[in-house]
Structures are given as C-alpha cells and as structure tokens.
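Here the structure comes first, spelled out in structure tokens, and everything after it is commentary.
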Amino acid sequence: MTAVIAAAGSGERLGAGGPKAFVPLGGRPMIDWSLDACLASGSVTAVVVAVPAGYAHHLQDVVTVDGGRTRAGSVANALNAVDTELVAIHDAARPLLSPELLDDLVAELVANPDADAIIAAAPVTDTVKKVDGDRIVETLDRSVLWGAQTPQVFRTDALRSALRSTDAVTDEAMLIEAAGGKVLVHDPGVANLKVTTPLDLRVAELLLAERG
Ligand code: C5P
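Add 404 to the 1-based position in the sequence shown for my numbering, that's all there is to it.
What follows is the structure in structure tokens.
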C-alpha cells in the first residue's frame with residue numbers, strides 16, 4: 405500500500421502564520437508524526453506527500469508532489485505517483501495516526517473483497533442540527549451518524565475512477581459512495597483528532613506526550 409499524506413493546506417484557521425502541516429507540535433513539524441506512523445506500518449511500502457509550494461525540501465526520504473488548489477486536487481496529484489494495489493489517504497492534520505490503525509484498516513479491507521474502501525470513523529457524540537442561515541431546519545438522528553476521519557484506505561483502481569467525477573468533496577470516500585461503491589467504517593477506539601484550532605494543537609500535544 406502507498407500512504408498519501410495531504411499536507412498542502414494553508415492552515416488559515418489555525419492562524420499559525422504558515423502551512424498547518426509544518427507547524428511545530430511536540431517539538432517537530434506536525435507532519436512528522438503522521439510520516440513516522442506510515443513508515444512504521446508493515447502495510448506501507450511507499451509514501452507520497454502533497455506539499456505546499458516551497459516546502460518539498462523539508463521532507464527528505466519520501467516522494468513529494470505539488471499540492472492542488474483544493475484537498476482533492478492535492479490527492480489527485482499524489483495519486484499520479486501511486487502504483488500499488490491499495491492506497492491510504494491521510495490528512496497531515498491528524499497527527500495521532502498509529503501504524504496499528506493503518507494495519508487494522510488494511511486487514512479489514514482485505515478480509516472484505518466486495519468492499520472498495522474502509523475509513524476511520526467514529527459515532528458522533530453531539531446532536532447534529534441542519535441549519536439554514538441562523539435557523540435550525542432539522543435535527544438528524546444521531547444513532548446513525550458517524551464522523552468520517554482519515555486514514556481512508558482504497559482499492560487504487562476504485563479511487564482513480566471515482567476521482568474523475570468532481571473535486572468538490574471533503575473526503576475521498578464520498579466519491580466511492582456516490583458511485584454506488586461499498587465503503588466500510590472502522591472505529592479507531594482511540595483519539596484521532598483533527599487539528600484545526602490552537603486548542604486542538606494543545607490537546608494533540610498533550611495526547612502525544614502521554615503516548616510517549
Ligand atoms: O483544511 P483541512 O484541515 O480540512 O485540510 C485537511 C487536510 O488536507 C490537511 O492535512 C491539509 O494540509 C490538506 N490539504 C491539502 N491541499 C489543499 C487543502 C488541504 O493537501 N489544497
């Protein structure tokens with residue numbers, strides 16, 4: 405499997421004055437935590453990172469590609485450098501990735517030959533409202549709602565053909581779903597938080613320090 409790390413976002417919401425993937429977290433650039441997990445996974449044979457313009461030289465031993473205007477554009481650029489049967493797409497913004505999570509996802513996809521993909525996801529804990537402007541129009545049934553995370557592991561052929569359709573997506577699994585494909589969910593059972601705000605950065609730092 406090739407691990408693709410999407411690391412080309414601007415990180416505006418974090419307000420750290422530079423791309424989020426390269427913001428210091430626990431004494432090293434955020435992306436290094438995900439890279440370490442990918443390189444330590446027995447399932448991963450290659451890593452491709454989509455980087456912001458001017459950042460390729462920060463990463464020595466992995467293949468880098470230019471990021472796109474959107475996250476999907478970055479993933480599409482990275483896919484051009486993938487020649488393995490399986491591909492994992494992971495956001496550099498989720499630094500708590502573990503090699504075990506990658507390996508568990510691969511094992512479950514291999515055990516389900518009729519599935520096209522499997523994603524890390526967890527049941528939502530908030531009650532989720534659909535809002536129009538400032539007005540709630542619907543309360544969704546929480547018992548069937550899961551929050552999608554990364555990594556997301558795909559059969560590469562299925563992802564390639566799904567990616568041809570559009571790039572207005574927030575994750576790649578929705579392309580496979582829209583094409584009628586079968587996507588499994590796997591609850592990591594541990595924190596796999598996405599760093600978006602300065603508070604997330606502090607929480608991630610604490611969790612990584614705790615993990616040792
Ligand atoms: O902005 P957000 O946190 O949702 O981005 C998710 C991931 O996608 C981040 O790791 C970010 O670096 C990456 N990304 C990218 N190319 C873009 C936009 C975001 O690789 N054009």
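For each residue, glycine too, the CB sits at the ideal point set by N, CA and C.
Secondary structure at T560: helix, using DSSP grouped into helix, strand and coil. Contact check for F426 against I493 fails: the beta carbons are separated by 9 Å or more. When the beta-carbon positions are compared, V455 and D470 come within less than 9 Å of each other. The ligand C5P has a heavy atom closer than 8 Å to the beta-carbon of T574. In this structure, DSSP gives P602 a helical state, which the three-state scheme calls helix. The beta carbon of P423 sits closer than 8 Å to at least one heavy atom of the ligand C5P. Cβ neighbours of N484 within its own chain (closer than 8 Å, five residues either side excluded): V469.
The stretch 457 to 468 makes no contact with the stretch 536 to 554: fewer than 3 CB pairs, one atom from each, lie closer than 8 Å.
DSSP places V514 within a helical segment (H, G or I) once states are collapsed to three. DSSP places A480 in the uninterrupted alpha helix (DSSP H) bounded by R475 to L483. Take L612, set aside five residues on each side of it, and the residues of its chain with a beta-carbon closer than 6 Å to its own are G430, in chain order. With the rule of 3 Cβ pairs closer than 8 Å, the stretch 588 to 595 counts as touching the stretch 515 to 529.
For L443, no beta strand (DSSP E) segment is defined; the enclosing uninterrupted segment is the alpha helix (DSSP H) at M434 to A444. A distance below 9 Å separates the beta carbons of A410 and A496. Distances from the alpha-carbon of E416 to those of T600, L549 and N516 put T600 closest.
Just so you know, the alpha carbons of G584 and A519 end up roughly 11 Å apart.
Assigned with DSSP and collapsed to three states, D545 falls in coil, not helix or strand.
Non-local C-beta neighbours of N481 in its own chain, meaning closer than 8 Å and more than five positions away in sequence, comprise A454, V469, D470, G471 and G472, ordered along the chain. For S445, the CB contacts under 6 Å within the same chain, skipping 5 residues up- and downstream, are P503, L506 and D507 in chain order.
When secondary structure is reduced to three states using DSSP, A582 falls in the helix class.
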